[in-house]
Amino acid sequence: MRADPPSQITSQSLATKFITPSGHCGKLTFDKPYYRITFSAMASQCECLIESTSDGDDSAEITCLAMAAIDEVKRIESKYNRFDVNSQLSIINAQAGKWQQIDEETIALMDFAAQCYQLSQGRFDVTAGSLMALWKFELDGTSIPNASDIGNAINRVGFDRIQICDGRLLLPQEMMLDFGGLAKEYAADRAALVLLAAQAEQTSTAPWQSKACLINLGGDLVVTGTPTQPWQVGIEDPSALNRTADKITISSGAIATSGHSRRFIEDKGERFGHIIDPTTGMPVLHAPLSVTVCGPQCISAGMLATMAMLQGKDAEQFLSEQGLVYKVIR
1212 MRADPPSQIT SQSLATKFIT PSGHCGKLTF DKPYYRITFS AMASQCECLI
1262 ESTSDGDDSA EITCLAMAAI DEVKRIESKY NRFDVNSQLS IINAQAGKWQ
1312 QIDEETIALM DFAAQCYQLS QGRFDVTAGS LMALWKFELD GTSIPNASDI
1362 GNAINRVGFD RIQICDGRLL LPQEMMLDFG GLAKEYAADR AALVLLAAQA
1412 EQTSTAPWQS KACLINLGGD LVVTGTPTQP WQVGIEDPSA LNRTADKITI
1462 SSGAIATSGH SRRFIEDKGE RFGHIIDPTT GMPVLHAPLS VTVCGPQCIS
1512 AGMLATMAML QGKDAEQFLS EQGLVYKVIR
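Using the numbering used here, the letters of the sequence shown map in sequence onto residues 1212 to 1541.
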């Protein structure tokens, strides 16, 4: 099973982009040989770790690198956040029923979403925004939506009803896009590419060079360069969020996790996770608590992790057939 990630997308010129930091981050710390800078994005606690060849006297260069990556994450968050009425995604949703121009980056993401839809037989569907808006996993005390509302929302879902032609999109009236299953993983991939470009710009004018970097967006992460020692990535225990249940060793590539350890509701003693099957309008039955997948890109690893969750009790069998490194917690 394969979906080609939109890695061909290029962003704005990087020559000046990383020079002016935009803020939104915590303190830069150095614990040899790694710098760490933390920040919040996409409703997640995030971090950028950069391995240094110096003894800590290159913090200015490291800050520029980290801010290049953080700025890119913030750009994508601002563009595709359906909770922000000013985002491009919200504007697209507001103009449903009309032909509208979309840019190259959005076209590429929609093309990847189309592949996900086809490979999942309609269960990985970015047009499920109406369903996702119906389930309020962010609120305490939320109950299950009633059957009538779920049925009405299902009628407004179906990627095969979208039309894209000559850089224009026709989203059927009352349908809503939700890139929640793609945007964070895509942002991790983009941040890594931007960081590499910023690093290349620095090393063209100075002898300094970092060895390896890790971008971590709430458990979806990408590794660049060749670390002195492989990264040890802990997997959160869904039953005890301050504890590590397992770990994965990684020297290159990406890791993505899908699960409902933090976003779920309980009704009459039953737990319902936030992974919704758009064909039923309900959370997937017998799904694992979390699925972690390694892959060459974060967006493809995330797609496979979510598709595994959608398999419910057959998640492990699905993943074993893909031939990738994975961890499942039930």
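Ideal Cβ placement from N, Cα and C applies to all residues, glycine included. On a predicted model such as this, the values are computed, not experimentally measured, just so you know.
Quiz item: Can you name the start and end residues of the beta strand (DSSP E) that aspartate 1295 belongs to?
Solution: Note, aspartate 1295: premise wrong, no beta strand (DSSP E); not H, not E.
Quiz item: If valine 1536 and isoleucine 1459 are in contact, beta carbons under 8 Å, what's the gap, nearest whole angstrom?
Solution: 7 Å
Quiz prompt | Segment limits, alpha helix (DSSP H) that includes phenylalanine 1529 | solution = 1526–1533
Quiz item: In or out: isoleucine 1361 buried (at least 16 other Cβ within 10 Å) or exposed?
Solution: buried
Practice problem: Could you spell out the range, first to last residue, of the alpha helix (DSSP H) harbouring phenylalanine 1348? | Solution: Here phenylalanine 1348 belongs to no alpha helix (DSSP H), and DSSP marks it neither H nor E.
Quiz item: Expressed to the nearest angstrom, what Euclidean distance is found between the alpha-carbon atoms of leucine 1530 and leucine 1515?
Solution: 8 Å
Practice problem: Drop a sphere of 10 angstroms on the beta-carbon of glycine 1534, count the other beta-carbons inside from all chains shown, and report buried for 16 or more, exposed for fewer. | Solution: exposed
Exercise. Keeping to the same chain, check which residues put their C-beta closer than 6 Å to that of glutamine 1311; ignore five residues upstream and five downstream.
Key: Leu1380
Practice problem: Decide yes or no for the touch test of the segment 1250–1258 against the segment 1281–1298: beta carbon pairs closer than 8 Å, at least 3 of them. | Solution: yes
Exercise. Report the three-state DSSP secondary structure of serine 1270 (helix, strand or coil).
Key: helix
Quiz item: Given a threshold of 16 other Cβ atoms within 10 Å of its Cβ, counted over all protein chains shown, does glutamate 1396 qualify as buried or as exposed?
Solution: buried
Practice problem: Pull up the distance between the alpha-carbon of glycine 1234 and that of methionine 1278, whole angstroms please. | Solution: The predicted position of glycine 1234 is uncertain, since its pLDDT is 44 and thus under 50; a value taken from the coordinates is nonetheless stated next. Each residue's alpha carbon lies about 8 Å from the other.
Quiz item: From which residue to which residue does the beta strand (DSSP E) around glutamine 1423 run?
Solution: In the sequence as presented, glutamine is not what sits at residue 1423; that position holds alanine. Where alanine 1423 is concerned, the enclosing beta strand (DSSP E) stretches over 1423–1428.
Quiz item: If you count every other CB in all the chains shown that lies within 10 Å of the CB of leucine 1320, and 16 or more means buried, which is it?
Solution: buried
Practice problem: Tell me the start and end of each unbroken alpha helix (DSSP H) in the segment 1320–1392 that is at least 4 residues and wholly inside, in chain order. | Solution: 1340–1345 and 1358–1365
Quiz item: Going by alpha carbons, who is nearest to isoleucine 1273 out of Gly1333, Ala1467, Ala1411 and Gln1528?
Solution: Ala1411
Quiz item: Would DSSP call proline 1232 helix, strand or coil?
Solution: Annotation note: pLDDT 36 at proline 1232 (below 50); position unreliable, coordinate value reported separately. Residue state, collapsed to three classes: coil.
Quiz item: Taking the continuous alpha helix (DSSP H) assigned at serine 1463, which residues delimit it?
Solution: Neither: serine 1463 is in no alpha helix (DSSP H) and is coded neither H nor E.
Quiz item: Touch check for the segment 1363–1370 and the segment 1328–1336: three-plus C-beta pairs under 8 Å?
Solution: yes
Exercise. Compare the C-beta of glycine 1436 against all C-beta atoms of chain D and say whether one is closer than 9 Å.
Key: In the structure shown, chain D cannot be found, because there is only a single protein chain.
Exercise. Under the assumption that leucine 1393 contacts valine 1433 (Cβ atoms under 8 Å), give the Cβ distance between them as a whole number of angstroms.
Key: In fact, because the Cβ distance is near 15 Å, the residues do not count as touching under 8 Å.
Quiz item: What's the C-alpha gap between cysteine 1376 and glycine 1308?
Solution: 15 Å
Quiz item: Where does glycine 1523 sit, in a helix, a strand or coil, going by DSSP?
Solution: helix
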